[in-house]
Amino acid sequence: GVGANAATILTALKLLLATAAARGDEKAQTAAGACIRRGLEVAVMLADLACNGLPLDADAIAAGILADGVGEGWVTLNEIDERLGGEVCGLLHDVQRVRNAPQRVDLSNDQAASALRELCLSFYDVRAIVVEM
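Quick look at the structure:
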């Protein structure tokens, strides 16, 4: 229900805030603040897309909040699995794979770009692609 969805999103935010608070120096705090802002911006965009009919749920919004924290290594997938469960953890794993895909493929090559599109559409949870975009 709505309460469980809100709890999922709130837990993701608390997890990100806790890891940001653990950053020691001023430079790290500034980076953590940017990570939190980005997570909130992504959450708002995903919620807006969900309100407009895209099939995104609280797990996708939680993944959006945490994606940069995972990418920076501040939050581990194990921590996410323990706190939020396998669905959010799996989604974030796919988000990281989507993030890394362009680094491995020459997107100027039409054949490689086509293969990447097919891979994304057949292999990844579509929500991961939306979270990353």
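One gets my numbering by counting positions in the sequence shown from 1 and adding 2 to each. Glycine included, C-beta positions come from ideal geometry on N, C-alpha and C.
Asked: Segment contact flag, the segment 93-104 with the segment 42-59, C-beta cutoff 8 Å, min 3 pairs; Found: no
Asked: Between the CA atoms of L56 and A62 - distance to the nearest angstrom; Found: 11 Å
Asked: Assigned secondary structure, G66 (DSSP; H/G/I helix, E/B strand, else coil); Found: helix
Asked: Proximal residues to D83 (C-beta, below 6 Å), its chain only, five neighbours per side dropped; Found: C91
Asked: L12, buried or exposed, once every other Cβ within 10 Å from all chains shown has been counted against 16; Found: exposed
Asked: Contact set for R85: own chain, Cβ-Cβ below 7 Å, skip 5 residues either direction; Found: T13 and L17
Asked: Ordered list of alpha helix (DSSP H) runs contained in the segment 48-100, each at least 4 residues; Found: 60-73 and 79-86
Asked: Option in V100, Q113, D59 and V132 with minimal Cα separation from T10; Found: D59
Asked: Pairwise C-alpha distance: N102 and L68; Found: 16 Å
Asked: C-beta atoms of L51 and G66 nearer than 8 Å; Found: no
Asked: Rounded straight-line distance, which links the Cα of E120 to that of N111; Found: 14 Å
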